[in-house]
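K.L.:
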Amino acid sequence: MTSPAPALRRPDGAAVRILVVDDEQMLTDLLSMALRMEGWDVRTAASGFEALQAVRDFEPDAMVLDIMMPDLDGMAVLHRLRQSGNDVPVLFLTAKDAVADRVAGLTAGGDDYVTKPFSLEEVVARLRGLMRRAGTATQSEEEPILRVGDLSLNEDSHEVERGGDEIELTATEFELLRYLMRNQRRVVSKAQILDRVWNYDFGGRS
């Protein structure tokens, strides 16, 4: 079983803040869902001007920024941010695959580049790397708390909360929830669940 990535938090312990900027609603919804599953605080913007306002209001720890937008493109947004002294890490997201576009984005002050189509896991991994390198977020290998959205599970105290409300679980229910949270982006079979949670040899059928 693959171990989950260590929890990533702001230096003050608060949830990491990510701003997703893209004019494709379905794409922003999918990205937001994946990032919130990391326990991160996510805000979206559908245009360049909305993005600039959101940066001022939200103060994100990193941005996912599409280049092709109708009013103010990603390059112009980044240029304005850097001119104002804002060095928030930026992950460019675009359908453009030309080397010249990548070079232009990185030269303008972008930190990394992902080309559509992409995997959600890749975006999460690249954002983690950007924030660690920039020092806007830190991780702890000893973090005992698993988080998926507003659901948290403390592996040390065996406390489970959702939206701040404590949930009472039996020992088996706790182990089942822990296993599913540790494998939140994987499809697990009935046989795997029985083996890991109940230590039962299911014979390999799902």
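Going by this note's numbering, the first residue of the sequence shown is number 32, and it counts up by one from there. The beta carbon of each residue, even a glycine, is placed where N, CA and C say it ideally should be.
According to DSSP, is L63 helix, strand or coil?
P.N.:
In the sequence under discussion, the amino acid at residue 63 is Ser, which differs from the Leu named in the question. DSSP, read as helix, strand or coil, puts S63 in helix.
K.L.:
State the Cα-Cα distance for the pair A58 and R193, rounded to the nearest angstrom.
P.N.:
This sequence places Leu at residue 58; Ala is not what is there. Per the coordinates, the alpha-carbon of L58 lies some 26 angstroms from the alpha-carbon of R193.
K.L.:
Name the DSSP bridge partner or partners of T169?
P.N.:
R40
K.L.:
Go to A93, then tell me how far its beta strand (DSSP E) extends in each direction, as first and last residue.
P.N.:
93–97
K.L.:
To the nearest angstrom, how far is the alpha carbon of T167 from that of T203?
P.N.:
37 angstroms
K.L.:
Along the beta strand (DSSP E) that carries T146, what are the first and last residues, could you check?
P.N.:
143–146
K.L.:
Measuring only the C-alpha atoms, how far is L207 from R159?
P.N.:
27 angstroms
K.L.:
In or out: D97 buried (at least 16 other Cβ within 10 Å) or exposed?
P.N.:
buried
K.L.:
Just to confirm my understanding: we take M68, look at its own chain, exclude 5 residues before and 5 after, and list those with CB closer than 7 angstroms. What are they?
P.N.:
V179, G180, Q215
K.L.:
Which partner residues of S183 appear in the DSSP bridge assignment?
P.N.:
R178, E192
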